[in-house]
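A.B. asks: First the structure, which I've put down as structure tokens, then a few questions once you've had a look.
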Ligand SMILES: [Ca+2]
Ligand SMILES: [Ca+2]
């Protein structure tokens, strides 16, 4: 049992290092994989109908596979749709992939979907799909889906596969990173769902951005209902954070059947940042109005309380003064003489011009 746990831990660590998770796709040519390929035979990291163990496998080029499905695969790889696709047996460009087929019956409703998880698939492989010549290949446009970015768009950068990388967000005309302060499972899930996955695998890792990159987001707090990261925290006008690039979020996304698939497409979150900014400004305006009204009420209350007190004080002082004045007149009834402005000042004391010892009094002088 202990040995099994050790193997499971090693397998988990290998997955974490490799960055391949359930639903990760890659392109191969005559066996090897390269993250630089934009065309090749498609492999997906998935489970077969007979086992829950994840492994790499091919996709069957059956009657349901077409340009829509090829485009979704390219979108998942971060490329801007498919320029070509087909059956490996009909081309010698990419060799033969001896890996067993693992998925078939791919059927996507929209070519703007972001991952195969948003499409119908089956793991039941018919006998007509088992040949390596039936493997699907795709040729993607080499432009990236983030080449014409919108404010609030996100991407995963620097990982081996498209499902894992440093989480970057586009703000103010520049790609920047997201700080891991308070970044948790809900935030990771929202980011992955924006990318078309149902859930995250990990939100840790060491994929620090460069020092020239801004750190756009810090202390991200998402509600579980968000589809776009911009609804959690819209792009700031300037950086405000207390983070270093070593704290950049590295995100891994995966297909998870316990969550409903994401309904996001390439354009779903396109205006989320603007909407979030408008909502924020409306909330700020409402907050300012409410704050102003509350302040006004406090001032009114203060005035209502203060004015009678002032009146009472003034009346009290006035009455007191009047009473004191009346008492003075009745008790003395003597006219106060006018001030003696014509009095002359007393004559100045004449001191001896010389020989006056300030340390000795006049009496001491007489006794000598
Ligand atoms: Ca194959
Ligand atoms: Ca912080």
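Numbering (mature numbering (1 follows the signal peptide of the UniProt record, and there is no 0)), first residue to last: -19 to -1, 1 to 349.
Cβ coordinates follow ideal geometry from the N, Cα and C atoms, glycine included.
#1: With a floor of 3 residues, list each beta strand (DSSP E) that falls wholly inside the stretch 17 to 82, ordered by position along the chain.
#2: How would you write the range of the beta strand (DSSP E) that residue 7 sits in, first residue to last?
#3: Using a Cβ distance threshold of 8 Å, determine whether the stretch 169 to 188 contacts the stretch 93 to 111, with at least three qualifying pairs required.
#4: State the DSSP-derived secondary structure class of residue 169, mapped to helix, strand or coil.
#5: Going by beta carbon distance, what residues of the same chain come within less than 7 Å of residue 21, once the five residues before and after it are set aside?
#6: To the nearest whole angstrom, what separates the beta carbons of residue 113 and residue 77, a pair I think is in contact under 8 Å?
#7: Using DSSP with H/G/I as helix, E/B as strand and the rest coil, what is residue 231?
#8: Please report the residue range of the beta strand (DSSP E) in which residue 147 lies.
#9: Does the beta carbon of residue 68 fall short of 7 Å from some heavy atom of ligand 1?
#10: Check whether the Cβ of residue 222 sits closer than 7 Å to any heavy atom of ligand 2, and report yes or no.
#11: Within its chain, find whatever has a CB closer than 6 Å to the CB of residue 120; leave out the 5 residues flanking it on each side and keep chain order.
#12: Just the C-alpha distance for residue 184 and residue 145, rounded to the nearest angstrom, thanks.
#13: Could you have a look at residue 93 and say whether DSSP puts it in helix, strand or coil?
#14: May I ask you to list the residues that DSSP assigns as paired with residue 102?
#15: Output the boundary residues of the beta strand (DSSP E) element that contains residue 243.
#16: Does any CB atom of chain D fall closer than 8 Å to the CB of residue 23?
#17: For residue 49, count the other beta carbons within 10 Å of its own beta carbon; 16 or more makes it buried, fewer makes it exposed. Which is it?
C.D. replies: Well, looking at it:
#1: Listed in chain order, they are 20 to 28, 35 to 40 and 63 to 68.
#2: Per DSSP, residue 7 belongs to the beta strand (DSSP E) from 6 to 9.
#3: Taking 8 Å as the limit for Cβ pairs, the verdict is that the stretch 93 to 111 does touch the stretch 169 to 188.
#4: Helix.
#5: Around residue 21: 8, 9, 10, 75 and 118.
#6: Indeed they touch by this definition, with Cβ atoms about 5 Å apart.
#7: Look at residue 231 here: in three-state DSSP terms it is strand.
#8: 145 to 152 is the span of the beta strand (DSSP E), which, as asked, contains residue 147.
#9: Not under cutoff, so the answer is no.
#10: Yes, the beta carbon of residue 222 sits closer than 7 Å to at least one heavy atom of ligand 2.
#11: Counting only Cβ-Cβ distances below 6 Å, and skipping sequence neighbours, we find 20, 64 and 65.
#12: Pairing residue 184 with residue 145, the inter-Cα distance amounts to about 9 Å.
#13: Here residue 93 sits in coil by DSSP.
#14: Note: residue 102 sits in no beta bridge, so no partner.
#15: Premise fails: residue 243 is in no beta strand (DSSP E) and is neither H nor E.
#16: Any reference to chain D falls outside this structure, which holds one protein chain only.
#17: Note on residue 49: 16 or more other CB atoms within 10 angstroms of its CB, so buried under the neighbour-count rule.
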